[in-house]
Amino acid sequence: MSLLTNLNSPIGKKLVTGITGLGLTIFVLMHMIGNLSMFSGDDAYNEYAHFLASLGPLLYAVEAGLVLFFLAHAVNGVKIWMGKRKARPQGYAVYKSAGGPSMQSSSSRSMIITGIILLVFTVFHLISFKFGSGGPGNADAAYLTTIDGVEMRDLAKLVREKFALPWYTIGYTAIMLLLVTHLRHGIWSALQSLGAMRPSLSPAVYTIGGLLGLGIGLGFIVMPLALFFGWL
Amino acid sequence: MANSMNITLKVWRQAGPDVKGGFETYQVPDANAHMSFLELLDVLNEQLIKEGNDPVEFDHDCREGICGSCGVVIDGVAHGPQKRTACCQLHMRHYRDGDTIVIEPWRAEGFPIIKDLVVDRSAFDRIIASGGYISANTGAAQDANSLPIAKADADLAMDYATCIGCGACVAACPNASASLFTAAKIAQLSLLPQGDPERKTRVKSMVDQMAEEGFGDCSNHAECEAVCPKGISISSISRMRREYVKAMTD
Ligand code: SF4
Ligand code: FES
Chain A
0 MSLLTNLNSP IGKKLVTGIT GLGLTIFVLM HMIGNLSMFS GDDAYNEYAH
50 FLASLGPLLY AVEAGLVLFF LAHAVNGVKI WMGKRKARPQ GYAVYKSAGG
100 PSMQSSSSRS MIITGIILLV FTVFHLISFK FGSGGPGNAD AAYLTTIDGV
150 EMRDLAKLVR EKFALPWYTI GYTAIMLLLV THLRHGIWSA LQSLGAMRPS
200 LSPAVYTIGG LLGLGIGLGF IVMPLALFFG WL
Chain B
0 MANSMNITLK VWRQAGPDVK GGFETYQVPD ANAHMSFLEL LDVLNEQLIK
50 EGNDPVEFDH DCREGICGSC GVVIDGVAHG PQKRTACCQL HMRHYRDGDT
100 IVIEPWRAEG FPIIKDLVVD RSAFDRIIAS GGYISANTGA AQDANSLPIA
150 KADADLAMDY ATCIGCGACV AACPNASASL FTAAKIAQLS LLPQGDPERK
200 TRVKSMVDQM AEEGFGDCSN HAECEAVCPK GISISSISRM RREYVKAMTD
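Residue numbers (numbering that gives the first Met the number 0), protein chains in the order written: chain A, 0 to 231; chain B, 0 to 249.
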C-alpha cells in the first residue's frame, strides 16, 4: 500500500486535514501575536516585519510550507465536501441534530464556506500587504523608513492607510469572525482526527479549542479597530 | 379512552429501488399513548390494507432494541426524539394528540432504498466481511482463564461490541459516513488479544470497504453518537484512526 493511496483513504484525508489545520492554526496564532507589536509603536512593527524578511532562506522555506499546508488543507476539505454530496444524493425533507453528544453546529456545517472565503481572503490579503506598496516586486521609496540607521520597509504606513478605510476595516473584521467560526469546530475536529479519544475530555477540548479560536480572531481584530478609531 | 390520540403521518412512499418516491399523508385516528412507534405503523398498515391499499414497508424484527432491524428518520432525527433508543422502543406517550410526524427512510448512497422505508444495508455486511472477524482454532474450547484481559479493556470492548448494525449513524451523519459503525468493530477487536492476528489488515480492509460502498468521509460532527441507540462513543473513531496510522507506519 503506497503512502498516496493511504492519504487518499477516508482516514488519510482526515489526518492530512487535521495536521495541516493545526499547522495553520499555529501560523495564525503567531501572525496574530506579531500583529500586536503595532501596539508598541510603528517602529516595533516595522522592525518585526524587517526581522522576518531578513530571515531569507528560512522565511522562504516556511512560506513554501505554508502554501503547501494551505493547498493540502483546501484540497482535502473540498474533497470531503464533494464526497458528502455523492454519499447522500437525496437529502432529507426534515433534518435536525439530535443534540447531546453531537458537536454539530453552524460552525461544523459551514466549514466549506468559511474555508473558501478564508482562502480567497488570504490571496487578497497577500496582494494588499506582503506584495503591496513597498513589498517584493512593488518597490516604492515612499514606503521606506530608517530605524536606528537601518533602512527598511514602512509596512506600518501601509497598514495605517488600509485600516483608515471603513469598508476595508469592516470587511477584515467580518472575515476574522469567520475565522473564529472555522476554528471553533476546526481545532477540536483536528485533535479528534489525530486520535485524541478520551470522551470525558471532549467537551473541555471543544471549549478550549473554541476559546483559542476566539482569542485568535479577537487578537486580529483589535489592532485594525484601534487604528480605525484613532486610538493607536 | 383517555390515552387515545389522533396522529397525522407524512410517510415516504416509494414503490421500488429506482422509481421516484414522495410523501403521502395519512390520518391515524386510533393511535394510543401506550403504543410503540412501530405499532402505530402497524395500525396505519391495517387501515391501508382494509382500504385496499399497499401497506407501508418498514424493517423490524425483535422490537426490543437489540436486533438492529428497525430504523427510520422521525421528524429529522434517526430513530426519533428519544436518546439511546431504537425506534421500536420509542413510545407514543412522547407525542401529543393532534401531532404530525414525518417519517423518512435512511438516506445514503450506501443504503439504496428497496421500498418505502426499507433500505438495503448489506453494505454493512460487506464491511464486516472484509475484516470484522477473528481467526479461532477449532477443537475443544480452551481454558476460560488462559487469556487474561484487563477488566477496563474488556468493559470498553464490550461497549463497542454493543453496536446492533442499525445504520442510524450513517443516516444522521451530514456526510453519510459509516465511520461509527466501522470503528465500533475495529475498536472492539483492537482491545482484545483475539483481535491481534488480523489487527493490521483488518483496519485497512474495513476502511477501504467503507469507502468502496460509497459512504462519505467523517467531519467530526459527532451526530452519529447522538443518535446511536447503543450510545457508541466517537472515541471508537479515534481508535480506528490510531489503528490505521499504526498499520500504515509499520
Ligand atoms: S454504531 Fe450505533 S447507530 Fe451505528 S449501526 Fe451501530 S448501533 Fe446503529
Ligand atoms: S426491531 Fe430490533 S432493534 Fe428495533
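From the three backbone atoms N, C-alpha and C, an ideal C-beta is built for every residue, glycine too.
Under 7 Å by beta carbon: chain A residues contacting residue i
{"i": "Ala-14 (chain B)", "result": "Going along chain A, no residue has its Cβ under 7 Å from Ala-14 (chain B), so there is no contact; the nearest lies around 16 Å."}
{"i": "Ser-232 (chain B)", "result": "Pro-198"}
{"i": "Met-247 (chain B)", "result": "Asn-5"}
{"i": "Gly-75 (chain B)", "result": "Tyr-91, Val-93, Tyr-94 and Lys-95"}
{"i": "Lys-82 (chain B)", "result": "Gly-99"}
{"i": "Arg-201 (chain B)", "result": "Chain A residues near Arg-201 (chain B): none, gap ~13 Å exceeds 7 Å."}
{"i": "Glu-108 (chain B)", "result": "Lys-85, Ala-86, Arg-87 and Pro-88"}
{"i": "Ala-210 (chain B)", "result": "Ser-8 and Pro-9"}
{"i": "Tyr-243 (chain B)", "result": "Ile-10"}
{"i": "Val-226 (chain B)", "result": "Ala-97"}
{"i": "Val-118 (chain B)", "result": "Near Val-118 (chain B) there are no residues of chain A at all, since even the closest Cβ is about 12 Å away, more than 7 Å."}
{"i": "Phe-72 (chain B)", "result": "Looking at the sequence shown, residue 72 (chain B) is not Phe but Val. Neighbours of Val-72 (chain B) on chain A, chain order: Tyr-91."}
Partners in chain B for residue i, counting only beta-carbon separations shorter than 8 Å
{"i": "Ile-25 (chain A)", "result": "Correct list: empty, because the minimum Cβ distance to chain B is about 19 Å."}
{"i": "Ala-195 (chain A)", "result": "Ser-237"}
{"i": "Gly-82 (chain A)", "result": "Asn-174, Gly-215 and Asp-216"}
{"i": "Ser-188 (chain A)", "result": "Ser-218 and Asn-219"}
{"i": "Gly-79 (chain A)", "result": "Sequence inspection shows Ile at residue 79 (chain A); the Gly mentioned does not correspond to that position. Residues of chain B passing the Cβ test: Asn-174, Gly-215, Asp-216 and Ser-218."}
Distance cut-off 7 Å: residue i Cβ against heavy atoms of the ligand SF4
{"i": "Gly-164 (chain B)", "result": "yes"}
{"i": "Phe-180 (chain B)", "result": "yes"}
{"i": "Val-72 (chain B)", "result": "no"}
{"i": "Ala-183 (chain B)", "result": "yes"}
{"i": "Ala-149 (chain B)", "result": "no"}
{"i": "Lys-82 (chain B)", "result": "no"}
{"i": "Val-179 (chain A)", "result": "no"}
{"i": "Lys-19 (chain B)", "result": "no"}
{"i": "Lys-229 (chain B)", "result": "yes"}
{"i": "Cys-223 (chain B)", "result": "yes"}
{"i": "Cys-217 (chain B)", "result": "no"}
{"i": "Ala-255 (chain B)", "result": "Summary: the structure shown does not reach residue 255 (chain B), with chain B confined to residues 0 through 249, and so no result is reported for it."}
{"i": "Val-66 (chain A)", "result": "no"}
{"i": "Val-118 (chain B)", "result": "no"}
{"i": "Val-226 (chain B)", "result": "yes"}
Identity of the residue in the options nearest residue i by Cα
{"i": "Val-202 (chain B)", "options": "B:Asp-119, B:Asn-2 and B:Gly-131", "result": "B:Gly-131"}
{"i": "Asn-2 (chain B)", "options": "B:Val-72, B:Ser-68 and B:Asp-29", "result": "B:Asp-29"}
{"i": "Gly-70 (chain B)", "options": "B:Val-118, B:Thr-200 and B:Cys-172", "result": "B:Val-118"}
{"i": "Val-114 (chain A)", "options": "A:Val-204, A:Val-149, A:Met-29 and A:Ala-71", "result": "The sequence given here has Gly at residue 114 (chain A), not Val. For the residues A:Val-204, A:Val-149, A:Met-29 and A:Ala-71, the minimum Cα distance to Gly-114 (chain A) belongs to A:Ala-71."}
{"i": "Cys-87 (chain B)", "options": "B:Asn-136, B:Cys-61, B:Asp-142 and B:Ser-178", "result": "B:Cys-61"}
{"i": "Glu-242 (chain B)", "options": "B:Gly-138, B:Asp-115, B:Glu-23 and B:Glu-197", "result": "B:Glu-197"}
{"i": "Pro-16 (chain B)", "options": "B:Gly-109, B:Ser-204, B:Met-91 and B:Asp-96", "result": "B:Gly-109"}
{"i": "Asp-216 (chain B)", "options": "A:Leu-21, A:Lys-85 and A:Leu-51", "result": "A:Lys-85"}
{"i": "Ala-186 (chain B)", "options": "B:Gly-79, B:Ala-153 and B:Arg-95", "result": "B:Ala-153"}
{"i": "Lys-156 (chain A)", "options": "A:Val-77, A:Ile-169 and A:Ser-132", "result": "A:Ser-132"}
{"i": "Asp-98 (chain B)", "options": "B:Phe-22, B:Arg-83 and B:Thr-7", "result": "B:Thr-7"}
{"i": "Asn-332 (chain B)", "options": "B:Lys-229, B:Ala-32, B:Gln-193 and B:Trp-11", "result": "In the structure displayed, chain B extends from 0 to 249; residue 332 (chain B) sits before or after that span and is not available."}
{"i": "Ile-25 (chain A)", "options": "A:Ile-146, A:Phe-69 and A:Asp-41", "result": "A:Phe-69"}
{"i": "Ser-134 (chain B)", "options": "B:Gly-164, B:Arg-240 and B:Leu-188", "result": "B:Leu-188"}
{"i": "Ala-163 (chain A)", "options": "A:Ala-195, A:Pro-223, A:Asn-5 and A:Ser-199", "result": "A:Pro-223"}
{"i": "Pro-111 (chain B)", "options": "A:Leu-28, A:Phe-120 and A:Gln-89", "result": "A:Gln-89"}
{"i": "Arg-159 (chain A)", "options": "A:Leu-117, A:Arg-197, A:Val-122 and A:Asn-34", "result": "A:Asn-34"}
{"i": "Ala-210 (chain B)", "options": "B:Arg-238, B:Ser-129 and B:His-33", "result": "B:Ser-129"}
{"i": "Phe-120 (chain A)", "options": "A:Ser-53, A:Leu-177, A:Pro-198 and A:His-184", "result": "A:Leu-177"}
Proximity test, residue i beta-carbon vs the ligand FES heavy atom, cut-off 7 Å
{"i": "Ser-68 (chain B)", "result": "yes"}
{"i": "Gly-97 (chain B)", "result": "no"}
{"i": "Gly-79 (chain B)", "result": "no"}
{"i": "Gly-64 (chain B)", "result": "yes"}
{"i": "Ala-85 (chain B)", "result": "yes"}
{"i": "Asp-60 (chain B)", "result": "yes"}
Closer than 8 Å at the beta carbon, the chain A residues around residue i
{"i": "Gly-213 (chain B)", "result": "Lys-85 and Ala-86"}
{"i": "Asp-207 (chain B)", "result": "Ser-8"}
{"i": "Val-18 (chain B)", "result": "Result: empty, since nearest Cβ-Cβ is about 13 Å, beyond 8 Å."}
{"i": "Glu-103 (chain B)", "result": "Tyr-91, Ala-92 and Val-93"}
Neighbour list for residue i in chain B, Cβ cutoff strictly below 7 Å
{"i": "Met-102 (chain A)", "result": "Asn-219, His-220 and Ala-221"}
{"i": "Arg-108 (chain A)", "result": "Pro-173"}
{"i": "Ser-192 (chain A)", "result": "Asn-219 and Arg-240"}
Cβ-heavy atom distance, residue i to the ligand MN, below 7 Å
{"i": "Ala-155 (chain A)", "result": "Looking for the ligand MN in the displayed structure turns up nothing; the ligands present are the ligand SF4 and the ligand FES."}
Beta-carbon neighbours of residue i, restricted to chain B and to distances below 9 Å
{"i": "Ile-174 (chain A)", "result": "Those within 9 Å of Ile-174 (chain A) in chain B number zero; the least Cβ separation is about 22 Å."}
Chain-ordered neighbours of residue i on chain A, where CB pairs are closer than 9 Å
{"i": "Phe-22 (chain B)", "result": "Ala-92"}
*Contained alpha helix (DSSP H) runs [length at least 4] in the segment 182-228 of chain B, N- to C-terminal order*: 198-211 and 222-226
*Length at least 3, wholly inside the segment 205-230 of chain A: the beta strand (DSSP E) runs in chain order*: none
*For the segment 89-144 of chain B, list the beta strand (DSSP E) runs that are entirely contained and at least 3 residues long, ordered along the chain.*
99-103 and 112-114
*Mind pulling the beta strand (DSSP E) runs of 3 or more residues that sit fully within the segment 147-205 of chain A?*
149-152
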